[in-house]
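Notes to accompany the following structure.
2 protein chains.
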Amino acid sequence: RIKASGLKLRFCTNETQATREKFVKKLQGMGFDISVAEVTAPAPAACRILKERSLRPHLLVHNDLVPEFAEIDKANPNCVVIGDAAENFTYANLNEAFRVLIGMEKPVLISLGRGRYYKETDGLKLDVGAYMKALEYACDVQAEVVGKPAEKFFESALAEMGVPPQQAIMIGDDIVNDVGGAQRCGMRALQVRTGKYRPCDENHPHVKPDAYVDNLAEAVDVILQQL
Amino acid sequence: RIKASGLKLRFCTNETQATREKFVKKLQGMGFDISVAEVTAPAPAACRILKERSLRPHLLVHNDLVPEFAEIDKANPNCVVIGDAAENFTYANLNEAFRVLIGMEKPVLISLGRGRYYKETDGLKLDVGAYMKALEYACDVQAEVVGKPAEKFFESALAEMGVPPQQAIMIGDDIVNDVGGAQRCGMRALQVRTGKYRPCDENHPHVKPDAYVDNLAEAVDVILQQL
């Protein structure tokens, strides 16, 4: 319905446990009309940064994300890229990433997101942000975060659509990463009362969505009504 | 020579990869006149805190340290104690410690030290401080640090000797954890130019030892000369 109305559409995700191909297949299976070219995700955003700055990464990421970096030179690394590596967050791999970083004259750490934790069927898991903090502390550096809520990430999505922030609206379930991040870029933002949403979000000390909707379908209704 | 002079002596260590028994055997093998009763170490200091506050720990520590907590009730944990767990810092163990913490109404995290990293024969390793930061961030808590440079830790050592800080002197190789920590307690402190010492320590922005000595033997000379 969004597409049929003539509005431009992009999907912004912090997913770093899989390539965009896998992510898109999953959403297609749920009935979404979506293609890889419509997805803004941290790994390709990081690849652009790596190319622009001639950075060669040591990767500490999920095995399924590695193909996103296929075209990037990884020999003789001069930065570390960390994502939600899940089972790859071993003691040995963390020490190795640390040694690469601490061995640099000026350590460069790029983190695909800054999430604290997330829930899976077998329980809560530490997210990439926790491991980012461990490396930041050990090396006395500050990571560059790629992904929501980084302004640059939203700006990429807007540039890909060719739309100024004032003419764009973000729909998301995460009060800080989706709503707060988009608003800081000058976009408006709706929070859906599904997924990560919690009632206490409505009393958030810093972030106030432009409106609440009960679910994604209602968000579409609200947007199309105002065209 | 220190003991023969009548001075009181204690050994303050942040060692958390082994019991005091193992630590003492190692030093005895190097020729030190030392017994377990003369050692102030983070694990027994943590045990005192656990008993005082009726805390039952979930332990994320090195296997060799576990015996130090033999007398502590660990059923139905209401806090997490983290030490340099080395190979025990697995993805599964970190997630488990995190779940115990996040499940508490008011998470209590006790960290045996806050070191960033250390060197072993096979290279640099992340120390307990890095994993402490990961859990702090994920749970939005601040850890209580037991061990140098915490004031309470030095105060314990002084109390065990029955000596006020003004009458005590610390000898150490670590400008921040040994020298800075002891001085903040009102003690004087010598830095030895061995071990962790680096020439740049002599330009440290915040900490200035009361004197430098080339090694431990010279520290003993200097102290005994001034009696």
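Which chain is which? The protein sequence lines are A and B, in order. Residue 183 in this note's numbering sits at position 183 of the first sequence, and the numbers go up by one each step. Counting from 1 along the second sequence, just add 1000 to a position and that's the residue number in this note's numbering. Every residue, glycine too, gets a C-beta built ideally from N, C-alpha and C. Computed from a prediction, not measured in an experiment: that's the story for all the values here.
Interface partners of residue i on chain B, CB under 7 Å
{"i": "A/Leu-126", "result": "Leu-1094, Asn-1095, Phe-1098, Ala-1134 and Ala-1138"}
{"i": "A/Arg-116", "result": "Tyr-1137 and Ala-1138"}
{"i": "A/Glu-87", "result": "Tyr-1091"}
Neighbourhood of residue i by C-beta, 7 Å cutoff - its chain only, sequence neighbours within 5 removed
{"i": "B/Tyr-1197", "result": "Asp-1173 and Gln-1191"}
{"i": "B/Asp-1064", "result": "Gln-1017, Ala-1018, Thr-1019 and Lys-1022"}
{"i": "B/Pro-1209", "result": "Val-1179, Ala-1189, Leu-1190 and Gln-1191"}
{"i": "B/Val-1220", "result": "Arg-1001 and Ile-1002"}
{"i": "A/Gln-166", "result": "Gly-186"}
Contact list for residue i against chain B, beta-carbon separation under 8 Å
{"i": "A/Ile-102", "result": "Tyr-1117 and Leu-1124"}
Under 8 Å by beta carbon: chain A residues contacting residue i
{"i": "B/Gly-1129", "result": "Tyr-137 and Ala-138"}
Backbone secondary structure at residue i - three-state DSSP
{"i": "B/Leu-1101", "result": "helix"}
{"i": "B/Ser-1156", "result": "helix"}
{"i": "A/Pro-199", "result": "helix"}
{"i": "A/Arg-1", "result": "coil"}
{"i": "A/Ile-34", "result": "coil"}
{"i": "A/Glu-68", "result": "helix"}
{"i": "A/Ala-150", "result": "coil"}
{"i": "A/Asp-221", "result": "helix"}
{"i": "A/Gln-183", "result": "helix"}
{"i": "A/Val-24", "result": "helix"}
{"i": "B/Glu-1133", "result": "The amino acid occupying residue 1133 of chain B in the given sequence is Lys; Glu does not appear at that position. Looking at B/Lys-1133 - three-state DSSP - the assignment turns out to be helix."}
{"i": "B/Gln-1017", "result": "coil"}
{"i": "A/Pro-164", "result": "coil"}
{"i": "A/Arg-235", "result": "Residue coverage of chain A in this structure runs from 1 to 227, which leaves residue 235 of chain A outside it and unanswerable."}
{"i": "B/Ala-1075", "result": "coil"}
{"i": "A/Asp-178", "result": "helix"}
{"i": "B/Gly-1294", "result": "This structure cannot settle anything about residue 1294 of chain B, because the visible part of chain B is limited to 1001 through 1227."}
One or two residues paired with residue i in a DSSP bridge
{"i": "B/Thr-1040", "result": "B/Cys-1012"}
{"i": "B/Leu-1190", "result": "B/Ile-1171 and B/Ala-1211"}
{"i": "A/Lys-125", "result": "A/Tyr-118"}
{"i": "A/Val-145", "result": "A/Ser-111"}
{"i": "A/Leu-59", "result": "A/Val-81"}
Neighbourhood of residue i by C-beta, 8 Å cutoff - its chain only, sequence neighbours within 5 removed
{"i": "B/Phe-1089", "result": "Leu-1060, Leu-1126 and Tyr-1131"}
{"i": "B/Val-1128", "result": "Thr-1016, Ile-1082, Gly-1083, Asp-1084, Ala-1085, Ser-1111, Leu-1112, Gly-1113, Arg-1114 and Gly-1115"}
{"i": "B/Glu-1136", "result": "Leu-1109, Gln-1142 and Ala-1143"}
{"i": "A/Arg-56", "result": "Leu-50, Ile-72, Asp-73, Lys-74, Ala-75, Asn-76, Pro-77, Asn-78 and Cys-79"}
{"i": "A/Gly-162", "result": "Lys-8"}
{"i": "B/Phe-1153", "result": "Cys-1012, Thr-1040, Pro-1042, Ala-1045, Val-1146, Gly-1147 and Gly-1181"}
{"i": "A/Ala-134", "result": "Leu-94"}
{"i": "A/Ser-35", "result": "Val-24"}
{"i": "A/Ala-150", "result": "Gly-181"}
{"i": "A/Gly-6", "result": "none"}
{"i": "B/Val-1066", "result": "Leu-1059"}
Near the ligand PLP: residue i beta-carbon under 8 Å from a heavy atom
{"i": "B/Glu-1144", "result": "As for the ligand PLP, it is missing from this structure, which has no ligand bound."}
Beta-carbon proximity list for residue i, same chain, < 6 Å, skipping 5 on both sides
{"i": "A/Ile-102", "result": "Cys-139"}
{"i": "A/Pro-107", "result": "Leu-101, Cys-139 and Val-141"}
{"i": "A/Gly-195", "result": "Asp-173"}
For the stretch 31 to 43 of chain A, enumerate the residues whose C-beta is nearer than 8 Å to any C-beta of chain B, in chain order. none
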